[in-house]
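Heads up, the sequence shown stops at 316 in our numbering, and the numbers go up one at a time, no gaps. Just so it is clear, CB atoms sit at the ideal spot from N, CA and C, and this is done for glycine as well. Have a look at the structure below, then the notes.
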Amino acid sequence: MTLEPGISVVVPVYNSETTLRDLIAELETELPDLTGKYEVILINDGSHDNSWNVIHEICAEKPWVRGVNMMRNYGQHNALVCGMRLASFDTIVTMDDDLQHPPKEIKKLLLPLADGYDVVYGIPTKLPHSWWRNAFSRLTKRILAMVMGIPTIRDIGAFRAFRTDIRRASDQFQSPTVILDVLLSWGTTRFTTVPVEEAPRKEGKSNYNFSRLAAQALLILTGFSTVPLRMTNYIGFIFTIFGIVILVYVLSQYFIAGSIPGFPFLASMIAIFSGTQLFALGIFGEYLARIFDRSMERPTYAISKTINNPKDLNS
């Protein structure tokens, strides 16, 4: 394959002291065959273990590895945005720190870029998690694809490659709640996917449980989409029609049978309409919370220290 002009590999790091050296060793084997210029940016996202010290040691041994220490834990996508904005080369590859994304698969992501695509997702041929986690993960990714409005993709993953200049579309974005894939869709519609092998996790366990996946799905819907608001309009319209039908039924009973349905009927109607109103208010509340978050102008991330940064930012 044709060598890339330059590749920046961005890796969010969270409690991964046991896997970082193996990851860097594999990248050191694979990257020289793909490009003449490369760097690896390790973003320590508030790890509680010895990850930052390991990053510091790796950077001292390998000048092409850059270390970034966040002031606290901001989240995976926040760390990815940080790495994207610090990247030096024309192509960015993002991958996990747990060796589930084998570096040897990076070349599969680069081939579609040469064909004119701007963003390429590596989709595992077999998902490694439990059935419920896989199902919920698929649902979250379908929601994300719908929000992005990209008809050519139905699956999204953390193993991705994209052209660095796409970041210009979101240079001014500042919010503590962020989804990298949505920011990428602001700059291009040329997305595609390729099948890749995904290795089993060697150490630890996934940080994404049911509650975190649900929270991410809610963030995607209410932070970057108006779908829930439009849904309340449809629900309100449907129940207005339903209310009119019930009114016609009650009046017909009064004029035909001389009686009006009793308390159980009335109580059930009140419960239905009250529940619908509370559901709609809950959606409005979520949007108000997102507006409140962004009105505070909190940063997407804050850097404590960098190592091997050519711009010497905060070093």
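What number of angstroms, rounded off, separates the C-alpha of residue 43 from the C-alpha of residue 118?
-> One C-alpha to the other measures close to 26 Å.
Exposure of residue 253, with buried meaning 16 or more beta-carbon neighbours within 10 Å = exposed
Taking all protein chains shown into account, decide if residue 56 is buried (16 or more other Cβ within 10 angstroms of its Cβ) or exposed.
-> buried
Which word fits residue 163, buried or exposed, when buried means at least 16 other C-beta atoms lie within 10 angstroms of its C-beta?
-> buried
Nearest-angstrom Cα separation, counted from residue 113 out to residue 7 | Between residue 7 and residue 113, the C-alpha separation is close to 16 Å.
From residue 21 to residue 98, what does the alpha carbon distance come to, in whole angstroms?
-> 7 Å
Near residue 187, which residues of its chain fall below 8 Å by C-beta distance, leaving aside the five closest residues on each side in sequence?
-> For residue 187, same chain residues with a beta-carbon under 8 Å away, outside a window of 5 residues either side, are 170, 171 in chain order.
Between the CA atoms of residue 69 and residue 304 - distance to the nearest angstrom | Their backbone Cα atoms lie some 7 Å apart in a straight line.
By DSSP, does residue 283 sit in helix, in strand, or in coil?
-> Helix at residue 283.
Quick one: is residue 33 near chain B, going by C-beta distance under 7 Å?
-> The structure shown has no chain B; it contains just one protein chain.
CA-CA distance, residue 237 and residue 277?
-> 8 Å
Cβ-based neighbour list, residue 86, same chain, cut-off 7 Å, excluding 5 preceding and 5 following = Counting only Cβ-Cβ distances below 7 Å, and skipping sequence neighbours, we find 168.
Distance, Cα to Cα, residue 283 vs residue 290?
-> 10 Å
Would you be able to state if there are at least three C-beta pairs under 8 Å between the stretch 68-84 and the stretch 24-36?
-> no
Residue of 84, 178, 90 minimising C-alpha distance to residue 96 | 84
Leaving aside the five residues before and after residue 109 along the sequence, list all residues of the same chain whose C-beta is less than 6 Å from its C-beta, in chain order.
-> 195, 197
Three-way DSSP call (helix, strand, coil) for residue 168 in this model | Residue state, collapsed to three classes: helix.
Looking only at its own chain, which residues have a Cβ that is under 7 Å from the Cβ of residue 200, when we skip the five neighbours before and after it?
-> 100, 101, 103
Using DSSP bridges, identify the partner residues of residue 71.
-> 304
Enumerate, from N- to C-terminal direction, the unbroken beta strand (DSSP E) stretches of 3 or more residues contained entirely within the stretch 46-127.
-> Inside the stretch 46-127, DSSP marks whole beta strand (DSSP E) runs of 3 or more residues at positions 66-71, 92-95, 120-125, from first to last along the chain.
Length of the line joining the Cα atoms of residue 185 and residue 192 = 10 Å
Within this structure, are the beta carbons of residue 13 and residue 80 separated by less than 7 Å?
-> yes
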